[in-house]
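Numbering (our numbering), first residue to last: 46 to 452. Don't be surprised by glycine CBs; every beta carbon is placed ideally from N, CA and C.
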Amino acid sequence: MENKVVCYYCGTIYDADAEKCPLCGGTVRAKEEESLQPIQRRRITDQERRERRRSSSQGGKFASGNKKRTETTEDKEKKTTKSMLIAALVMLSLAVISVTWFIGDMIGWWGGFEDAVERPNESVEIDFSNEKCQYLSLSEKTIQLENIGQSAELKISVNVECREEIRITFPDAAIVTAVSDQPSQVEDDTKSDIWLLTAVSEGKAQMVFACGEFHEVCDIYVGKQAQPTQPDVTEDPTEPIVPDEDFEPVLNFTEDISLYQKGESVPLRVMNLPAGATVTWKSADETVAKVDENGILTAVGGGTTTITAEVFGKSTEIMVRCPFDQSGNIGAHLEYTDVTIRVGESYYLYLYDSEGYRITDVVYEVSDDGVVSIEDGKVTGVTGGDYVVITVKYNNEEFECIVRVRW
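What follows is the structure in structure tokens.
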């Protein structure tokens, strides 16, 4: 029988010659009489083996070490997490400071780097004493576009000091389109804009420019059939000019004209004027608008009048509306005074006050209910091929709008 002893702490059986327990390192043994008894060996079960392993992992010599190692790992993890949080806070603070500094420098809270450099005081004097338009010129007075899709450039020039608005009457978009998408060009004392004219369909059109008291007109002819009128040099200039039997003067405006400011002006021209012929202009009421011998129409006072152009005893008329009082201030006025719509199409006809607010307590009257219908300002085309006059009444005042209806 082997001489064995039992560890007092963990119950491990080991040789009596050993100084300490090989498992837990304990030196205390069981009672001597117990250790001298022969050891009855038997095969332990799997359940007992698992319980012994569980007991050995929770107690004995190495239990304290395991606990310390666990505590050390937890401490390291806590310290690492704390360090990462501190680093994140520091980086966030630096980012906030950088952004604040950048914004402050941009809006001038403090001087930027360039402010540290001393610069001599420099003053630049710009003379804006001459802000009115001194001249207005076009690169071409007549443009011929023979083919559809063909383009040509038209340059308009004014003095570089000009601060007045350039008013433009655009050509009929069904015949020619006009686009200017380039910045103004400045050369010496001249400021110029380039307009690109593109032919759409055959016909005659006109582009009018006005600035201050200056006016310029460019006649545009599209197609081989539309040609500028040329004087017949073979004819005797002393002989009287005889117009065609079917001649009827045609103005450069096909719709009524509205002038919204006192002194505002536009040029009127007879588009099919024969060479050598003259035009007689007349205003039915010069207190509303006047027209000079060259066809320059100028607003004088509020109201409505008719301008007549007479050539060879044949005349044509155009209505002019000036929706402002005698002081030049725009009073109550309609948004539209001449509209062309198709059958089934609609638009809103509203009356506005001097500040641009809609006036609602108005009365609408239509000269012919069979052509258009109107309900609360909504005008709808009913029958094509005719036109009507819509009268809007407000405070003993009447405002008119011509509506043409097409099929």
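Check, Outcome
"DSSP state of Ile-148, grouped into three classes?", "helix"
"Under a Cβ-count criterion, where at least 16 other Cβ atoms within 10 Å of its own Cβ denotes burial, should Ala-344 be classed as buried or exposed?", "buried"
"Across the region 355 to 371 and the region 425 to 439, are there enough close Cβ pairs to call them in contact, namely three or more that are closer than 8 Å?", "no"
"Which residues in the same chain have their Cβ closer than 6 Å to the Cβ of Thr-425, if we skip the five residues on either side of it in sequence?", "Ser-391 and Ser-418"
"Skipping 5 residues on each side, what residues in its chain have a beta carbon closer than 7 Å to that of Glu-367?", "Checking the displayed sequence, the identity of residue 367 turns out to be Cys instead of Glu. Only Leu-304, Val-333, Ala-334, Ala-344, Gly-346, Gly-347 and Gly-348 meet the Cβ criterion."
"Counting pairs of beta carbons, one from the region 255 to 268 and one from the region 176 to 189, are three or more of them closer than 8 Å?", "yes"
"Considering only the beta carbon of each residue, do Asp-238 and Ser-229 sit closer than 8 Å?", "yes"
"Consult DSSP for Arg-164 and reduce its assignment to one of helix, strand or coil.", "Here the model assigns Arg-164 a pLDDT of 46, short of 50, so the residue's position is not dependable and the matter cannot be decided."
"Take Thr-323 as the anchor and find which of Gly-308, Ser-184 and Val-315 has the nearest alpha-carbon.", "Val-315"
"Considering only their Cβ atoms, is the gap separating Cys-256 from Arg-212 smaller than 8 Å?", "yes"
"Compute the Euclidean distance between the alpha carbons of Ala-250 and Gly-422, then round it to the nearest angstrom.", "33 Å"
"Is the distance from the Cβ of Lys-359 to the Cβ of Pro-294 below 8 Å?", "yes"
"Given 7 Å as the limit, tell me if Asp-421 has its C-beta closer than that to any heavy atom belonging to the ligand GDP.", "With respect to the ligand GDP, the structure shown offers nothing to examine, as it has no ligands at all."
"According to the neighbour-count rule (16 or more other Cβ atoms, all chains shown, within 10 Å of its Cβ), is Ala-320 buried or exposed?", "exposed"
"Between Glu-442 and Thr-222, what straight-line distance do the alpha-carbon atoms span, to the nearest angstrom?", "39 Å"
"Which same chain residues, not among the five before or five after Val-388, have their C-beta less than 8 Å away from its C-beta?", "Gly-426, Val-427, Thr-428, Gly-429, Val-450, Arg-451 and Trp-452"
"Using a 10 Å radius around the Cβ and a threshold of 16 neighbouring Cβ atoms, would you call Thr-350 buried or exposed?", "buried"
"On the CB-based measure, 16 or more other CB atoms within 10 Å of its CB, does Gly-401 come out buried or exposed?", "exposed"
"Going along the chain, which residues of its own chain have a beta-carbon closer than 6 Å to the beta-carbon of Val-365, five neighbours each way excluded?", "Ile-302, Ala-334, Thr-350 and Ile-352"
"Mark Glu-280 as exposed unless 16 or more other C-beta atoms lie within 10 angstroms of its C-beta, in which case mark it buried.", "Its pLDDT being 47, under 50, Glu-280 is placed unreliably by the model, and the measurement read from it follows with that caveat. By the neighbour-count rule (16 or more Cβ atoms within 10 Å), Glu-280 is not buried but exposed."
"Could you pull out every unbroken beta strand (DSSP E) segment of at least 3 residues lying fully inside the region 183 to 262, listed in chain order?", "187 to 190, 196 to 204, 212 to 214, 221 to 224, 230 to 232, 235 to 244 and 248 to 256"
"Bridge partners for Thr-382 per DSSP, in chain order?", "According to DSSP, which records beta bridges pairwise, Thr-382 is partnered with nothing at all."
"Going by DSSP in three states, Leu-304 sits in which element: helix, strand or coil?", "coil"
"Could you pull the DSSP bridge partners for Ala-344 from this structure?", "Ala-334"
"So if DSSP puts Ser-138 in a beta bridge, which residue, or which two residues, is it bridged to?", "In the DSSP output, where bridge partners are listed per residue, Ser-138 has none listed."
"For Met-129, which three-state DSSP category applies?", "helix"
"Whose C-beta lies closer than 8 Å to the C-beta of Gln-194 among residues of the same chain, with five residues either side of it excluded?", "The question names Gln, yet the displayed sequence has Gly at residue 194. Contacts found: Thr-243 and Ala-244."
"Can you find the residues in the same chain that come closer than 6 Å, C-beta to C-beta, to Ser-202, ignoring five residues on each side of it along the sequence?", "Ser-182, Thr-235 and Ser-237"
"Just mark Thr-134 as buried or exposed, buried being the case when its beta carbon has 16 or more other beta carbons within 10 Å.", "At residue 134 the sequence reads Leu, which differs from the Thr that was named. The residue is exposed, with fewer than 16 neighbouring Cβ atoms inside 10 Å."
"Report the three-state DSSP secondary structure of Lys-123 (helix, strand or coil).", "helix"
"What are the boundary residues of the beta strand (DSSP E) that Tyr-53 is part of?", "Element bounds for Tyr-53: n/a, residue is neither H nor E."
"Please report the straight-line C-alpha distance between Glu-176 and Glu-206, rounded to a whole angstrom.", "5 Å"
"Have a look at Val-407 and Phe-215 and give me their C-alpha separation to the nearest angstrom.", "33 Å"
"Buried or exposed: Thr-468, going by 16 or more other Cβ atoms within 10 Å of its Cβ?", "Outside the modelled stretch of the chain, which goes from 46 to 452, sits residue 468, for which no answer is possible."
"How is the beta strand (DSSP E) around Ser-328 delimited, first residue to last?", "325 to 328"
"Per DSSP, Pro-312 forms a beta bridge with which residues?", "Ile-341"
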